[in-house]
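Novice: Take 1 as the starting number for the sequence shown in the UniProt record's numbering and just add one per residue. Built from N, CA and C at the ideal position, the CB exists for glycine as well. Structure provided below as structure tokens; questions to follow.
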Amino acid sequence: MNSLRLITTYSPWLILACLAAGLLYAWLLYSKRAPWPKSMNYALAAVRFVVVSVLCFLLLGPLVRYVANTTIEPTIVFAIDNSQSVQLFSDSVQLQKAQQELQEMVARLQSEGYKAEVRTLSGDSKQNISDINYSSETSNLNQLLSDVQTEYAEQNLVGVVLVSDGIVNQGISPTYANYSFPIYPVAVGDTIPKKDVLVASLRYNKVNYSGNRFPLEVELQQDGFSGKAATVTLKENGKTIATKNVTLQANQPVQQVPFQVLANGLGKRHYEVEVQPLQDEFTTLNNTKHAYIDVVKGKIKVLVAAAAPHPDIKSIRAAIESNENYETELYIPGLTPLKQQDYDVAVLHQLPGRVAGSETAMRIVRQKNLPALYILGPQSDIGDFNRLKVGLNISYSGQADEVTPVANTNFSTFTLPEAASERLQQYPPAQVPYGDVQVSPNTEVILYQQVGRVKTNKPMLAVQTSGENRNATMLASGIWQWRLMENANNEQPQVYDKLITNLIQLLSAPRNKKRLNVYPVQTEYTSADEIRFNAEAYNEALEPIYGQNITLSIKDEAGETKSFNFANGENQSGVNIGTLPGGRYTYSAAARINGQLQQDKGEFIVEELQLEALNAVADHNLLYQLANNTGSKLYQPNQLQQLEQDLLGADYQAKIYSSEELKEIVDMKWLFFLLLGLICTEWFIRKYNGSY
């Protein structure tokens with residue numbers, strides 16, 4: 001029931017004074033003889049009385065207190081575990097009958113005044129339980145129940161009927177969570193172990209080098225086939241490349257079957273591991289697993305050349321080699337020889353320098369057009385460095401300054417760990433050349449110099465991000481202390497190592513001069529993920545342009561093609577092509593930019609989860625614990641009538657929520673216009689009838 005009440009900030013007795021003021025004002029104005037009839041005079045006096053009384057009343061600061069009561073009926077949510085395992089390993093007749101009875105229960109609860117709703121693992125709301133499709137590739141019961149708790153937090157949620165087999169293969173177990181409502185589990189599925197042999201998992205490195213052999217380890221699991229022989233085959237792109245026979249051991253529920261695989265070619269390779277079906281095996285859905293290997297060329301070789309031995313060199317090499325895809329070769333004139341190798345990138349410490357022998361390393365950089373990271377210091381020849389035109393020009397005074405690094409928040413070519421800003425502030429000061437530094441237009445600053453607590457606009461670390469060459473410059477000497485300090489304070493120099501390896505990766509990456517760049521947001525997906533593509537288009541000056549019509553074609557391993565059309569947007573909206581079955585996919589994209597056809601292509605991987613086929617035995621013990629934790633009990637599909645009686649017998653009541661609103665009368669616009677209308681009406685009548 002709603003209520004309305006008037007409140008004043010002063011004594012209510014003052015309302016009499018307001019009425020008296022209105023009456024006095026009307027008497028003084030209309031007590032004299034008027035040129036209009038008495039009835040009109042009384043009406044005008046009444047209008048003046050009302051207007052003056054209300055205006056005086058508003059001076060008392062009156063408030064309107066409005067209380068609204070809302071009745072919310074008790075809500076029961078039917079949370080349905082619509083994972084594949086429920087349909088695969090439950091009796092189909094029993095499951096169908098349970099669905100029908102649950103739907104009838106929903107209707108009867110609604111007729112009794114309850115609000116009954118249905119939710120599935122994907123969060124979808126269903127009208128009819130019988131129409132639910134058991135297609136979810138994962139079972140995350142905690143997420144399902146947590147979503148229900150969040151969605152109905154402001155409603156009268158009195159219970160959740162959970163229909164599940166108790167199998168959880170994603171997220172934490174729901175028995176470890178706290179729920180604010182009782183859970184009534186309905187146990188489906190079969191708890192009797194089945195005779196089965198399956199490929200539980202594969203262990204392998206996702207990135208391997210061409211020409212090398214890499215290990216691929218198969219984990220076999222069996223139940224009911226102890227002492228039997230099983231055959232495991234390994235296929236590459238559908239062709240068998242290795243076979244192994246194993247004897248399934250009773251005392252080993254999980255057995256390891258290792259393979260040594262030769263990584264041929266470059267790109268993504270598809271391997272399939274299969275254990276041949278055995279007689280009387282319950283299901284063969286879990287006999288196969290797929291592996292997708294990215295085969296790349298050998299490690300990226302980094303030339304680390306220095307004018308003289310320095311602690312910086314060791315810290316830089318340690319940071320680079322923290323990434324297993326990089327290897328370094330050290331060259332110091334007169335101390336270590338310069339190996340003639342196909343280097344991908346160079347790190348030049350205090351080079352070009354003023355010491356003999358430094359020209360050798362510089363010659364290799366020029367001849368092979370290597371991208372380079374220049375680290376300046378006391379032995380650097382600043383004049384020679386300026387002539388290289390690698391993004392910075394330094395007016396050197398011969399003196400040094402001690403500064404600390406601070407990150408440029410506008411730099412987005414690569415990102416540092418979240419703790420970067422905090423850890424950079426902990427770094428000890430490093431020496432930089434003192435003088436003016438000019439930054440070329442094609443250069444971006446990664447780190448600025450900070451003197452004490454004052455952040456300057458002088459760069460400490462900058463990188464050329466456009467043009468023919470890609471180089472970076474570090475204007476600091478003594479950065480070995482940074483890595484040492486971070487390691488001491490945080491047990492791992494994560495920010496320092498990430499900064500150096502990101503720089504090397506950026507410098508060694510091939511130049512992208514394509515005018516159309518179409519790519520998946522991720523290089524690997526699962527069969528449950530929605531796949532999204534982004535697109536970038538550039539004009540002849542390689543400036544980004546938007547609104548280009550792009551055709552995208554996706555081809556699977558069988559040669560079947562799907563096509564999509566979309567336009568690239570400034571906000572990188574891209575296109576969502578939905579989910580795809582597991583496999584290796586190639587894609588090609590085309591667009592006409594300023595009348596010229598531009599194309600791009602690539603590949604990506606979709607991994608088949610197969611989680612639902614791994615476990616055929618229902619876990620009703622989990623459901624029992626869940627019911628016990630929430631003060632309920634476990635029900636079997638043949639006990640649904642008892643479940644309905646228990647729900648109705650609990651006599652859950654509706655809740656009444658009250659909301660109160662206080663509002664000043666003076667803020668009501670309708671009152672303003674009403675008073676204005678009365679005043680205008682009075683004035684018009686007086687003037688029309690010849691008021692004096």
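Below 8 Å on the Cβ atoms is my contact criterion, and I expect Asn-517 with Asn-594 to pass it. Report the Cβ-Cβ distance as a whole number of Å.
Specialist: Locating residue 517 in the sequence shown gives position 517, counting from the first residue. Locating residue 594 in the sequence shown gives position 594, counting from the first residue. About 16 Å; that fails the 8 Å criterion.
Novice: Let me check understanding here. Comparing Cα to Cα, which of Gly-227, Arg-363, Asn-469 and Ser-553 lies closest to Phe-564?
Specialist: As a position in the sequence shown, residue 564 is number 564, starting the count at 1. Comparing Cα positions, the closest option is Ser-553.
Novice: Just checking my contact of Phe-414 with Asn-325 at CB under 8 Å: how many whole Å lie between their CB atoms?
Specialist: Locating residue 414 in the sequence shown gives position 414, counting from the first residue. Locating residue 325 in the sequence shown gives position 325, counting from the first residue. Phe-414 to Asn-325, Cβ: 16 Å. No contact.
Novice: Buried or exposed for Glu-281, going by 16 or more other Cβ atoms inside 10 Å?
Specialist: Position 281 of the sequence shown, counted from the first residue, corresponds to residue 281. So Glu-281 ends up on the buried side.
Novice: Quick check on Phe-259: does DSSP put it in helix, strand or coil?
Specialist: Residue 259 sits at position 259 when you count from the first residue of the sequence shown. Phe-259 falls in the strand class under three-state DSSP.
Novice: Phe-533 lies in the alpha helix (DSSP H); which residues open and close that run?
Specialist: Looking up residue 533 in the sequence shown gives position 533. Element bounds for Phe-533: not the alpha helix (DSSP H) but the beta strand (DSSP E), 531-538.
Novice: For Ser-600, write down the residues that DSSP places opposite it in a beta bridge.
Specialist: Working through the sequence shown from its first residue, we reach residue 600 at position 600. One detail in the question is off: residue 600 reads as Asp in this sequence, not Ser. BP columns for Asp-600 point to Ala-589.
Novice: Taking 6 Å as the limit between beta carbons, can you name the residues of its chain near Ala-590, skipping five residues before and five after?
Specialist: In the sequence shown, the residue the question calls residue 590 occupies position 590. These residues qualify, in order along the chain: Thr-551 and Gln-599.
Novice: Tell me the residue span of the alpha helix (DSSP H) that contains Ala-20.
Specialist: Position 20 of the sequence shown holds residue 20. Where Ala-20 is concerned, the enclosing alpha helix (DSSP H) stretches over 14-30.
Novice: Taking one C-beta from the stretch 372-384 and one from the stretch 469-484 each time, how about it: are there three or more such pairs within less than 8 Å?
Specialist: Yes, since at least three Cβ pairs between the stretch 372-384 and the stretch 469-484 fall closer than 8 Å, the two stretches touch.
Novice: Classify residue 704: buried if its beta carbon has 16 or more other beta carbons within 10 angstroms, exposed otherwise.
Specialist: Since the first residue of the chain shown is 1 and the last is 692, residue 704 is not available in this structure.
Novice: Quick one, which of Lys-194, Val-257 and Glu-603 has its alpha-carbon nearest Ile-531's?
Specialist: Residue numbering aside, residue 531 sits at position 531 when the sequence shown is read from its first letter. In terms of Cα proximity to Ile-531, the closest of Lys-194, Val-257 and Glu-603 is Glu-603.
Novice: Gln-405: buried (16+ other C-beta within 10 angstroms of its C-beta) or exposed?
Specialist: Here residue 405 refers to the residue found at position 405 when the sequence shown is read from its first residue. Note that residue 405 is Pro in the sequence shown, not Gln. Buried, since its Cβ has 16 or more Cβ neighbours within 10 Å.
Novice: For the alpha helix (DSSP H) containing Ile-320, list its first residue and its last residue.
Specialist: As a working mapping, residue 320 is identified with position 320 in the sequence shown. First-last of the alpha helix (DSSP H) with Ile-320: 311-320.
Novice: Return the chain-ordered list of same chain residues with a C-beta closer than 7 Å to the C-beta of Phe-225, the five sequence neighbours on each side being excluded.
Specialist: Here residue 225 refers to the residue found at position 225 of the sequence shown. Result list for Phe-225: Lys-195, Val-197, Leu-248 and Leu-278, in chain order.
Novice: Between which residues of its own chain and Glu-272 is the CB-CB distance below 7 Å, once the five residues before and five after are set aside?
Specialist: Locating residue 272 in the sequence shown gives position 272, where the first residue counts as 1. For Glu-272, where only same-chain residues beyond five positions count, the Cβ hits under 7 Å are Lys-235, Thr-288 and His-290.
Novice: Count the other CB atoms within 10 Å of the CB of Ser-92; is the residue buried (16 or more) or exposed (fewer)?
Specialist: For the purposes of this step, residue 92 is identified with residue 92 of the sequence shown, where counting begins at 1. With fewer than 16 other Cβ atoms within 10 Å, it is exposed.
Novice: Run through DSSP, which three-state label would Val-365 get?
Specialist: Counted from its first residue, the sequence shown places residue 365 at position 365. If DSSP states are grouped into helix, strand and coil, Val-365 belongs with the helices.
Novice: Please name the residue, chosen from Tyr-204, Val-199, Asp-81 and Gln-625, that lies closest to Val-261 on a Cα-to-Cα basis.
Specialist: The count along the sequence shown starts at 1 and reaches residue 261 at position 261. Checking every option, the nearest Cα to that of Val-261 belongs to Tyr-204.
Novice: Here's the rule I'm using: 16 or more other beta-carbon atoms within 10 Å means buried, otherwise exposed. How should Glu-557 be labelled?
Specialist: Within the sequence shown, numbered from 1, the residue matching residue 557 stands at position 557. Glu-557 comes out exposed.
Novice: So does the stretch 123-142 actually touch the stretch 673-683, counting three or more Cβ pairs closer than 8 Å?
Specialist: no
Novice: Is Phe-684 helix, strand or coil when you go by DSSP?
Specialist: Your numbering for residue 684 matches position 684 in the sequence shown. Looking at Phe-684 - three-state DSSP - the assignment turns out to be helix.
Novice: Please report the Cβ distance between Val-295 and Gly-265, rounded to the nearest whole angstrom; I am assuming they are in contact, meaning their Cβ atoms lie under 8 Å.
Specialist: The sequence position of residue 295 within the sequence shown is 295, counting from 1. The sequence position of residue 265 within the sequence shown is 265, counting from 1. Contact between Val-295 and Gly-265 holds: CB atoms are separated by about 6 Å, below the 8 Å threshold.
Novice: By the three-class DSSP mapping on this structure, what secondary structure does Asp-401 have?
Specialist: In the sequence shown, residue 401 corresponds to position 401, counting from 1. Asp-401 carries a strand assignment under DSSP once its states are collapsed to helix, strand and coil.
Novice: Just the C-alpha distance for Leu-611 and Glu-660, rounded to the nearest angstrom, thanks.
Specialist: Here residue 611 is taken as the residue at index 611 of the sequence shown, counted from 1. Here residue 660 is taken as the residue at index 660 of the sequence shown, counted from 1. Answer to the nearest angstrom: the Cα atoms are 51 Å apart.
Novice: In terms of residue numbering, what span does the alpha helix (DSSP H) encompassing Leu-643 cover?
Specialist: Indexing the sequence shown from 1 puts residue 643 at position 643. From DSSP, the alpha helix (DSSP H) with Leu-643 extends over 640-649.
Novice: Ala-372 bridges to which residues according to DSSP?
Specialist: As a first step, residue 372 must be located in the sequence shown, where it is residue number 372. Ala-346.
Novice: In whole angstroms, what is the alpha-carbon distance linking Val-199 and Glu-73?
Specialist: As a working note, residue 199 is residue 199 in the sequence shown. As a working note, residue 73 is residue 73 in the sequence shown. Taking the straight line joining both Cα atoms gives about 49 Å.
Novice: Given that a residue counts as buried once 16 or more other Cβ atoms are within 10 Å of its Cβ, and exposed if not, what is Gln-84?
Specialist: Numbered from 1 along the sequence shown, position 84 holds the residue referred to as residue 84. Its Cβ being crowded by 16 or more others within 10 Å, Gln-84 is buried.
Novice: Could you tell me which of Gly-238, Tyr-448, Thr-360 and Glu-101 sits nearest to Val-403, measuring between CA atoms?
Specialist: The residue given as residue 403 occupies position 403 in the sequence shown. Cα-wise, what sits closest to Val-403 is Tyr-448.
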